[in-house]
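Take a look at the structure set out below.
Residue numbers (our numbering): 50 to 131.
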């Protein structure tokens, strides 16, 4: 799952040079929204960030469960041999 990065400005070198003389901050335009149909881009970005956190959490739980089941299987084999 990819993090939300659609609300950040993606400046170019030419835009950076132009900002030197932009005293009225007229070039400060950011992406309005990355998700079609969303009225609030902040809520869309927050929802996307929590989706990424949920994916990371599910991955960590699955990895822990696999390691724990391997450890328990190894302990059972040791107990049955001894």
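The beta carbon of each residue, even a glycine, is placed where N, CA and C say it ideally should be.
Coarse secondary structure for residue 104, derived from DSSP in three states: helix
Nearest-angstrom Cα separation, counted from residue 92 out to residue 106: 21 Å
Residue 59 versus residue 67: straight-line alpha-carbon distance, rounded: 14 Å
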